[in-house]
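What follows is a short report on a single structure.
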Amino acid sequence: MSLFKDKIFKNNIAKNFLVVFLGDGFSSVLTLLNLSIMIKVLGLNESSIVNLVISYTLVFDTIFNFQSFNSIIRFLPRALIDKDFLKVKGYLQQGFILDIVTALISFFAANLFLEFICNIFKWDRDIVNLIRVYSFSILFNLTGTSIGIIRVFNKFKYSSYINVFVNSLKFIFYLLSFIINVNMWYFILVELWFGLISSILLLIVTNFIIFKNNLRGIFKNKVVWDKEFLKFNFYCNFMTTLDVPISHLTPFLINKFVGIEFISIYKVIEKIGGIVAKIASPLLNIIYPEISTKVSEEKEKEAISLVRKLFFIIILFGSLIIVFLSLTYKLWINILILDGEKYVLNVLFYVLFVIIKFSFVGVYPLFISLGYIKYNVYIVVIANLIYLGVIPFFSSNFNINGVIISQCIQVFIVIFMQILIMKKGFISRAKL
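Under numbering that gives the first Met the number 0, the first residue of the sequence shown carries the number 0, and numbering increases by one thereafter.
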């Protein structure tokens, strides 16, 4: 335990993440409350349509709208250390151009495929019109490079402040829906406008950081594309795209195999699990450098021991969370979900899944630190294809629990294959 305490309070990276964690945690609670308010105001069917509209847009935003923050985080620090400011401006220029161009591609793709997808799922014109309007949110999502700049220049707190400020204001507008007569358009427009406000604030902070560090004039020079920067950008965004089946396609599958009204129920359950997940997430950022260091020092047994300790710590705290939720559900379940007591077991099942999933949070950094990243694409592709293959059966027979079972299968295939590959590697090295 002292290791985690030292890392949290003495490591500057951990402190920065703690600021973001607290801000994001507060924002996640507000997002859950917003979702619950919308369900109470619109009912399950119409609130599910709003969530479906947002999910449709996010699918195209995730696939086509590249976010350059990973490349900025990887390449910018070295250029800054070398004081090669021409290269710094070049990376920022490339990042901003990619943000703009891919946002436009994503926006046009979302609208181009809309009629085709609507015919497959038999959506009515109201859904089509809502999607056409909300798809403009893609054009606001030009913040990949901005996020990278905020992280590189150690200004984590600003993104956290923006999240808290924007989500607090949005919460007020959601509360107003109890007082005034609203429909689905109200919530779509609220999400749209506050997405725009969030992006503008991030760009303002970015401009401030650029100005303060004498990096003005980014677009004065002719753009020179860096192949390594582009390759890494494409790779990172490709890996993000592989997560689309779990992160954004699930509402479509629920619509197809369970019923549109269950989308909102699933979203609430997912948000509750997301809040629990944020308790475990900081540990990954704290433990990743520790595992990487031990592997580089050829102390693999100590790294494995660390992963095991992390597993038991999360299981212990997770068990307490399950007990707490089981004893107190009558106080909060009906506030968050209409007829909430009908879905208590679904909520507890999903939270249990999240806890078990995050108990293995040390496996991925160990897997990457040992140099097995090249296998990760194949593992994720196989697991996602299996997920898409089993979810029709399980969701048709077990409703929301079927969706959760399918996600369990996907996650545990990834974990099992990573552990199996590492185990074979350890055996091979032991024979040498």
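Virtual Cβ for every residue (Gly too), placed ideally from N, Cα, C.
Computed from a predicted structure; not experimentally measured.
| Query | Result |
| --- | --- |
| Which residues in the same chain as F193 place their Cβ atom closer than 6 Å to its Cβ, once the five residues preceding and following it in sequence are excluded? | V165, K169 |
| Check whether the Cβ atoms of N232 and S70 sit closer than 8 Å, and answer yes or no. | yes |
| Can at least three beta-carbon pairs, one atom from the stretch 188-208 and one from the stretch 137-151, be found at a separation below 8 Å? | yes |
| Tell me which residues share the same chain as L79 and place their Cβ nearer than 7 Å to its Cβ, disregarding the 5 neighbours each side in the sequence. | V87 |
| Looking only at C-alpha atoms, which of L365, I385, I286, I259 sits nearest to E45? | I259 |
| Helix, strand or coil: which one does DSSP assign to K221? | coil |
| Can you tell me the Cα-Cα spacing of R454 and N110, whole angstroms? | Outside the shown range of the chain, which is 0 to 431, sits residue 454, and nothing can be said about it. |
| Can you tell which of F415, D242, V353 has the C-alpha that lies nearest to the C-alpha of F59? | D242 |
| At which residue ranges does the stretch 128-182 contain complete alpha helix (DSSP H) runs of 4 or more residues, listed in the order of the chain? | 136-139, 143-151, 155-175 |
| Inspect the beta-carbon positions of L365 and A276 and report whether they are closer than 8 Å. | no |
| Buried or exposed: where does W250 fall if 16 or more other Cβ atoms within 10 Å of its Cβ makes it buried? | According to the sequence as given, residue 250 is Pro; it is not Trp. Classification of P250: buried, given that the 10 Å Cβ count is 16 or more. |
| Give the C-beta separation of S67 and L97 to the nearest angstrom, bearing in mind that I take them to be a contact with Cβ-Cβ under 8 Å. | 5 Å |
| In whole angstroms, what separates the C-alpha of L431 from that of L195? | In this prediction, L431 scores a pLDDT of 47, lower than 50, which makes its location untrustworthy; the coordinate-derived value is nonetheless stated afterwards. For L431 and L195, the distance between alpha carbons rounds to 58 Å. |
| Looking at the structure shown, is S67 part of a helix, part of a strand, or coil, going by DSSP? | coil |
| Use the C-beta contact count for L305: other C-beta atoms within 10 angstroms, 16 or more gives buried, fewer gives exposed. | buried |
| Rounded to whole angstroms, what is the Cα-Cα separation between F411 and N33? | 31 Å |
| Kindly indicate which residue of L324, F65, S159, L347 has the alpha-carbon position closest to the one of G24. | S159 |
| Around the Cβ of I334, are there at least 16 other Cβ atoms within 10 angstroms (buried) or fewer (exposed)? | exposed |
| For N398 and I355, what's the separation of their Cα atoms in angstroms? | 21 Å |
| Between F316, I253, G424, V343, which has its C-alpha nearest S405's C-alpha? | I253 |
| Please work out which residues of its chain come closer than 8 Å, Cβ to Cβ, to S27, disregarding the five sequence neighbours upstream and downstream, and give them in chain order. | K270, G273, I274, K277 |
| Given a threshold of 16 other Cβ atoms within 10 Å of its Cβ, counted over all protein chains shown, does V380 qualify as buried or as exposed? | exposed |
| How many whole angstroms separate the CB atoms of I414 and V362, which I take to be in contact at a CB cut-off of 8 Å? | 6 Å |
| Enumerate in chain order the residues of its own chain whose CB-to-CB distance from N400 is below 7 Å, with the five nearest sequence positions on each side excluded. | N345, F348 |
| Considering only C-alpha positions, which residue in the set L91, S35, S105 is nearest to I209? | L91 |
| Between the C-alpha atoms of W433 and I378, what's the straight-line distance to the nearest angstrom? | This structure gives no information on residue 433, because the portion of the chain shown stretches from 0 to 431. |
| Secondary structure at W122, three-state DSSP: helix, strand or coil? | coil |
| Given a threshold of 16 other Cβ atoms within 10 Å of its Cβ, counted over all protein chains shown, does S35 qualify as buried or as exposed? | buried |
| On the criterion of 16 or more Cβ atoms from any shown chain inside 10 Å, does S47 qualify as buried, or is it exposed? | buried |
| Using a Cβ-Cβ cutoff of less than 7 Å, which residues in the same chain neighbour T239 once the five nearest sequence positions on both sides are dropped? | T61 |
| Pull up the distance between the alpha-carbon of F359 and that of C407, whole angstroms please. | 13 Å |
| Would you identify the three-state DSSP class for E296, choosing helix, strand or coil? | coil |
| Among residues of its own chain, excluding the 5 on either side of V127, which ones have a beta-carbon nearer than 8 Å to its beta-carbon? | L113, E114, C117 |
| Quick check: the Cα distance between A108 and I332, rounded to an integer number of angstroms? | 39 Å |
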